[in-house]
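Quick notes on the structure that follows.
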Amino acid sequence: MMRNPRGRGEQHVELIPGLPDDVAVDCLARVPHASHRALRRVCRGWCHAAAAPCFASARAAAGAMEDLVFMLQFGNPSADDGPKDDDAPNNTPAYGVAVYNVTTGEWRRENRGAPQPVPVFAQCAAVGSRVAVLGGWDPRTFEPVSDVHVLDASTGSWRRGASMRSARSFFACAEAGGKIYVAGGHDKHKNALKTAEAYDPVANAWDPLPDMSEERDECDGMATVAGDRFLAVSGYRTARQGGFERDAEWFDPASREWRRLERVRAPPSAAHVVVKGKVWCIEGEAMMEWMGMRKGWREVGPYPPGLKAGTARAVCVGGGDKVVVTGALDGEGGGGRHALWVFDVKTKNWTVVKPPPEFAGFVFSVASLRI
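Quick look at the structure:
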């Protein structure tokens with residue numbers, strides 16, 4: 001709507017001249033996500049259309065949804081100059097946010113408005129269209145921070161979120177039931193933590209949770225089978241540096257209690273991911289699925305070809321249709337470079353994706369969303 005210059009109220013302005021608005025929205029919904037920032041700059045009508053809640057439904061109806069993997073990644077020292085697009089500097093950051101579009105195969109850096117610098121070893125997790133970057137080390141003092149920064153991937157805008165109640169690094173982190181849970185890790189004295197809290201990105205508020213039964217430094221975080229409960233896997237106590245436990249604890253939001261799971265941990269170098277409600281791990285020579293305490297682990301697929309053991313991070317995309325694994329290339333030919341492996345859950349086949357040199361650094365944390 002635009003105000004009539006003669007002062008007679010407002011008049012309707014077509015989104016695309018000559019087309020009904022529903023047809024115009026269907027056309028706009030098919031614009032690739034990488035061009036949405038430019039789309040919103042065309043005019044107020046397009047900006048409002050792209051920001052409307054029904055725009056996501058229109059993209060889904062048009063089959064235009066895209067799966068994005070967000071990676072907190074160290075720069076690759078062997079890379080030449082970094083990306084030359086308008087949204088990235090010419091140099092590769094020491095630690096920053098990289099994005100791989102699984103649908104289109106495109107790579108980019110999420111630098112505009114992002115925290116500068118990004119805390120080293122910060123973690124990321126996604127809720128809806130939002131990606132949160134949490135905790136890590138201050139790159140100047142190397143002490144843990146409580147910082148939270150939130151990206152709205154639908155608009156490309158960043159904001160400062162409410163800080164965690166405890167500064168921590170190397171903690172379990174995952175989305176469950178619409179909240180982002182963090183647990184364990186260690187403080188500035190390298191003491192393992194058993195504290196936990198949950199972040200609501202809509203309310204921008206933290207909920208302090210009861211302590212876990214054990215300290216858990218360098219533990220893994222994931223959602224449980226129903227997707228509404230948070231699981232903190234393995235980790236080690238202060239007195240047992242590097243002595244990873246093989247148990248886990250999950251938080252029951254109804255009773256607000258932690259409950260233990262025994263023998264769920266695969267070998268310490270395994271990467272864990274939840275696929276369609278099942279806990280998987282990437283370790284040894286296969287993809288494994290946890291069948292419960294009685295049955296243990298069973299093989300569900302081959303090991304990613306060329307992946308160096310102990311370097312993997314994994315995330316589920318496409319509603320469980322695919323698993324994306326990041327890690328180092330094995331053997332002398334790898335040259336310290338990292339790559340991506342995309343696993344098709346239906347066909348059990350892997351596709352190796354070798355990124356451009358500026359995106360070939362070590363990935364510490366991954367999150368995904370469909371937009």
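The sequence shown begins at 1 in UniProt numbering and counts up one residue at a time. Glycine residues also receive a C-beta, built at the ideal position from the N, C-alpha and C atoms.
Using only the alpha-carbon positions, how far apart do residue i and residue j sit?
{"i": "W137", "j": "A203", "result": "25 angstroms"}
{"i": "G82", "j": "Y95", "result": "Interpretation of G82 is limited by its pLDDT of 46, a score under 50 that renders its predicted location unreliable; no figure is taken from the coordinates."}
{"i": "V323", "j": "T311", "result": "16 angstroms"}
{"i": "M2", "j": "L151", "result": "Confidence at M2 is low in this model, with a pLDDT of 45, below 50, so its placement is unreliable and no value can be given for it."}
{"i": "A61", "j": "R216", "result": "44 angstroms"}
{"i": "A174", "j": "H12", "result": "45 angstroms"}
{"i": "P32", "j": "F244", "result": "43 angstroms"}
{"i": "V353", "j": "G18", "result": "43 angstroms"}
{"i": "R237", "j": "W250", "result": "17 angstroms"}
{"i": "N90", "j": "G75", "result": "Confidence at N90 is low in this model, with a pLDDT of 43, below 50, so its placement is unreliable and the value that follows should be read with caution. Going from the Cα of N90 to the Cα of G75 covers about 13 angstroms."}
{"i": "R248", "j": "P357", "result": "The identity of residue 248 in the sequence shown is Ala, whereas the question assumes Arg. Between A248 and P357, the C-alpha separation is close to 37 angstroms."}
{"i": "W341", "j": "D211", "result": "36 angstroms"}
{"i": "G156", "j": "E66", "result": "15 angstroms"}
{"i": "T104", "j": "L307", "result": "23 angstroms"}
{"i": "L209", "j": "V145", "result": "19 angstroms"}
{"i": "L261", "j": "A52", "result": "43 angstroms"}
{"i": "R168", "j": "K188", "result": "8 angstroms"}
{"i": "R37", "j": "S213", "result": "46 angstroms"}
{"i": "R41", "j": "R229", "result": "40 angstroms"}
{"i": "W258", "j": "A205", "result": "21 angstroms"}
{"i": "V345", "j": "A34", "result": "26 angstroms"}
{"i": "R313", "j": "A254", "result": "30 angstroms"}
Starting from residue i, follow the alpha helix (DSSP H) in both directions and report where the run begins and ends.
{"i": "G45", "result": "R44 to A51"}
{"i": "C54", "result": "C54 to A61"}
If contacts are defined as beta-carbon pairs under 8 angstroms, then residue i and residue j qualify, I think. What distance do you get, rounded to the angstrom?
{"i": "L15", "j": "A49", "result": "6 angstroms"}
{"i": "M164", "j": "L134", "result": "7 angstroms"}
{"i": "V366", "j": "H338", "result": "So it is not a contact: roughly 12 angstroms between Cβ atoms."}
{"i": "F359", "j": "A98", "result": "5 angstroms"}
{"i": "F343", "j": "G301", "result": "6 angstroms"}
{"i": "A309", "j": "E299", "result": "Incorrect: roughly 16 angstroms between the Cβ atoms, too far for contact."}
{"i": "residue 372", "j": "A223", "result": "Nothing about residue 372 can be read from this structure; the chain reaches only from 1 to 371."}
{"i": "A153", "j": "I371", "result": "6 angstroms"}
{"i": "W107", "j": "P305", "result": "Going by Cβ atoms, the distance from W107 to P305 rounds to 21 angstroms, so no, they are not a contact pair."}
{"i": "F171", "j": "Q241", "result": "Contact flag wrong, Cβ pair sits at about 16 angstroms."}
{"i": "V25", "j": "A64", "result": "Actually they are not in contact, since the Cβ atoms of V25 and A64 sit about 12 angstroms apart, beyond 8 angstroms."}
{"i": "A125", "j": "A132", "result": "6 angstroms"}
With DSSP as the reference, please indicate the residues paired to residue i in a beta bridge.
{"i": "D252", "result": "E257"}
{"i": "F70", "result": "V99 and A367"}
{"i": "H186", "result": "S169 and A192"}
{"i": "C316", "result": "V323"}
{"i": "N76", "result": "Looking at the DSSP assignment, N76 forms no beta bridge with any residue, so it has no partner."}
{"i": "L340", "result": "T326 and V353"}
{"i": "D217", "result": "Y236"}
{"i": "H272", "result": "C281"}
{"i": "R109", "result": "A98"}
{"i": "A176", "result": "K179"}
In terms of residues, what are the limits of the beta strand (DSSP E) holding residue i?
{"i": "A24", "result": "Premise fails: A24 lies in the alpha helix (DSSP H), D21 to A29, not in any beta strand (DSSP E)."}
{"i": "R298", "result": "W297 to P302"}
{"i": "S163", "result": "S163 -> no beta strand (DSSP E), and no H or E assigned at all."}
{"i": "Q123", "result": "Q123 to V127"}
{"i": "E283", "result": "K278 to E283"}
{"i": "V150", "result": "V148 to D152"}
{"i": "W206", "result": "A205 to L209"}
{"i": "L134", "result": "R130 to L134"}
{"i": "M65", "result": "No beta strand (DSSP E) holds M65; DSSP gives it neither H nor E."}
{"i": "E262", "result": "No beta strand (DSSP E) contains E262, which DSSP labels as neither H nor E."}
{"i": "W290", "result": "A286 to W290"}
Is residue i close to chain B, meaning its C-beta is less than 8 angstroms from at least one C-beta of that chain?
{"i": "V150", "result": "Here chain B cannot be found, since the structure has a single protein chain."}
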